[in-house]
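Beneath this line is the structure, given in structure tokens, with notes to follow.
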Amino acid sequence: MWVRALVLGMLVACGATPASAPATGAPLPPLSFQTLGGTPWSTRDTAGKVVVLDVWATYCAPCRKAFPKLDRLAASHPDVAVVGISVDEDDEVVRQYLTTVTASFLIVRDPQRTVEARPLAVHALPTVIVLDRRGRVRFRADEMGEDGYDELPALVASLLAETD
Numbered sequence: 147m148w149v150r151a152l153v154l155g156m157l158v159a160c161g162a163t164p165a166s167a168p169a170t171g172a173p174l175p176p177l178s179f180q181t182l183g184g185t186p187w188s189t190r191d192t193a194g195k196v197v198v199l200d201v202w203a204t205y206c207a208p209c210r211k212a213f214p215k216l217d218r219l220a221a222s223h224p225d226v227a228v229v230g231i232s233v234d235e236d237d238e239v240v241r242q243y244l245t246t247v248t249a250s251f252l253i254v255r256d257p258q259r260t261v262e263a264r265p266l267a268v269h270a271l272p273t274v275i276v277l278d279r280r281g282r283v284r285f286r287a288d289e290m291g292e293d294g295y296d297e298l299p300a301l302v303a304s305l306l307a308e309t310d
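If you want it as structure tokens, here you go:
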């Protein structure tokens with residue numbers, strides 16, 4: 147148990163939050179995007195779930211390395227909403243990219259890069275934000291490294307175990 151607490155503490159410590167982004171523990175205001183198929187999606191759709199938001203782009207090499215890890219996380223935790231937010235401008239580029247990687251998790255689009263403004267204030271890729279069941283930001287990492295993706299399952303498990 148203390149190992150899980152230590153891992154969680156290290157994850158939170160390395161997840162520095164930009165000044166204009168919600169602080170760890172603060173609720174994230176609702177966000178809305180569209181899927182590649184044009185279907186609207188909102189964080190409201192994930193109410194009551196642990197949510198992993200991964201902001202990425204096709205030209206981001208670390209993002210490509212993260213996809214198999216996110217895919218395994220989504221497969222092993224179907225009760226967790228894993229959502230990839232692509233900031234690419236061209237839908238066809240994203241569609242083509244998704245033929246080269248496995249992504250069984252939801253992909254939504256933000257070609258106008260609204261994630262760069264508040265409330266997310268994303269300025270580096272990949273950026274990962276994890277929300278607890280109450281929609282509070284519990285973890286954030288800008289320029290998330292491979293090791294951080296390896297630790298996400300432990301963080302998710304600890305958030306799923308929370309009873310508050």
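Residue numbers (this note's numbering): 147 to 310. Here a beta-carbon is modelled for each residue, glycine too, at the ideal position from N, C-alpha and C.
Judged by DSSP in its simplified three-state form, D217 adopts helix. In the three-state reduction of the DSSP assignment, P299 falls in the helix class, which pools H, G and I. L174 is a Cβ neighbour of V283, given a cutoff of 7 Å. As the crow flies, the alpha-carbon of G230 is around 13 Å from that of K211. Judged by beta-carbon spacing, V276 lies beyond the 7 Å limit of V226, meaning their Cβ atoms are not closer than that value. Annotation for V274: the continuous beta strand (DSSP E) segment containing it runs T273 to L277. By alpha-carbon distance to D217, the top candidate from Y205, A300 and F251 is F251.
Here M290 is not near P265, since their CB atoms are 7 Å or more apart.
Taken in chain order, the complete alpha helix (DSSP H) segments of 4 residues or longer contained in the region 209 to 259 are 237 to 243. Comparing alpha carbon positions, the residue from K215, A267, T204 and V196 closest to L244 is T204.
Around the beta carbon of G171, fewer than 16 other beta carbons lie within 10 angstroms, which makes this residue exposed. Assignment of beta-bridge partners to P186 by DSSP yields Q180. Listed as beta-bridge partners of D310 by DSSP are no residues whatsoever. The Cβ-Cβ distance between A287 and G294 falls below 7 Å.
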